[in-house]
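A.B. asks: Per my numbering, the sequence shown starts with residue 162, numbered consecutively.
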Amino acid sequence: MIAQVVRESHSRDYWTAEAGSHAAGGSGPGEALRRLCRALNIPNADVLPLPGATIDRQTFRLGPTTRCPDCGGSGRYVGLRAAEACETCGGCGRVAA
Ligand SMILES: [Zn+2]
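Listed below in structure tokens is the structure:
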């Protein structure tokens with residue numbers, strides 16, 4: 162299931178999260194998404210951010226996840242000279258199960 166989290170155009174600080182026929186609002190994208198997940202009974206660990214987020218729109222995949230096999234769940238890749246976000250999971254430490 163895909164959830165869209167969108168900033169309402171009439172209000173700078175009100176966001177709506179929608180997935181299927183469910184919707185929830187909040188004073189920020191995190192609050193809207195948490196309320197939607199609570200209504201759908203989806204654990205926080207089963208929410209994956211998808212690429213392509215903008216300043217007023219974010220997309221998430223809601224569904225079973227597992228610890229990222231490449232970074233062990235840390236979300237970081239530590240190289241010889243630098244540490245950076247894990248490429249496989251985008252830094253969140255989890256991937257689709
Ligand atoms: Zn990773």
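The beta carbon of each residue, even a glycine, is placed where N, CA and C say it ideally should be. Since the model is a prediction, treat every value here as computed from it, not as a measurement.
1) At which residues does the beta strand (DSSP E) containing alanine 244 begin and terminate?
2) Would you mind sorting aspartate 276 into buried or exposed? The rule is 16 or more other CB atoms within 10 Å of its CB.
3) Check whether the stretch 227 to 236 and the stretch 246 to 258 touch, using three or more Cβ-Cβ pairs below 8 Å as the test.
4) Can the beta-carbon of methionine 162 be found closer than 7 Å to that of leucine 223?
5) In whole angstroms, give me the CA-to-CA distance for histidine 171 and leucine 241.
6) Taking buried to mean at least 16 other C-beta atoms within 10 Å of its own C-beta, is alanine 214 buried or exposed?
7) Is threonine 249 near ligand 1, going by C-beta to nearest heavy atom under 6 Å?
8) For ligand 1, I want to know if aspartate 207 counts as a neighbour, meaning its beta carbon is within less than 6 Å of at least one of the ligand's heavy atoms.
C.D. replies: Looking at the coordinates:
1) In the sequence shown, counting from the first residue as 1, residue 244 sits at position 83. Residues 244 to 246.
2) The shown model of the chain, from 162 to 258, leaves out residue 276, and the question about it has no answer.
3) yes
4) Counting from 1 along the sequence shown, the entry for residue 162 is found at position 1. Counting from 1 along the sequence shown, the entry for residue 223 is found at position 62. Cβ distance < 7 Å, so methionine 162 and leucine 223 count as in contact.
5) On the sequence shown, position 10 is the one that residue 171 refers to. On the sequence shown, position 80 is the one that residue 241 refers to. Going from the Cα of histidine 171 to the Cα of leucine 241 covers about 48 Å.
6) The residue given as residue 214 occupies position 53 in the sequence shown. That one is exposed.
7) Position 88 of the sequence shown, counted from the start, is the residue given in the question as residue 249. Yes, Cβ of threonine 249 sits closer than 6 Å to a heavy atom of ligand 1.
8) Against the sequence shown, residue 207 aligns to sequence position 46. No, ligand 1 has no heavy atom inside 6 Å of this Cβ.
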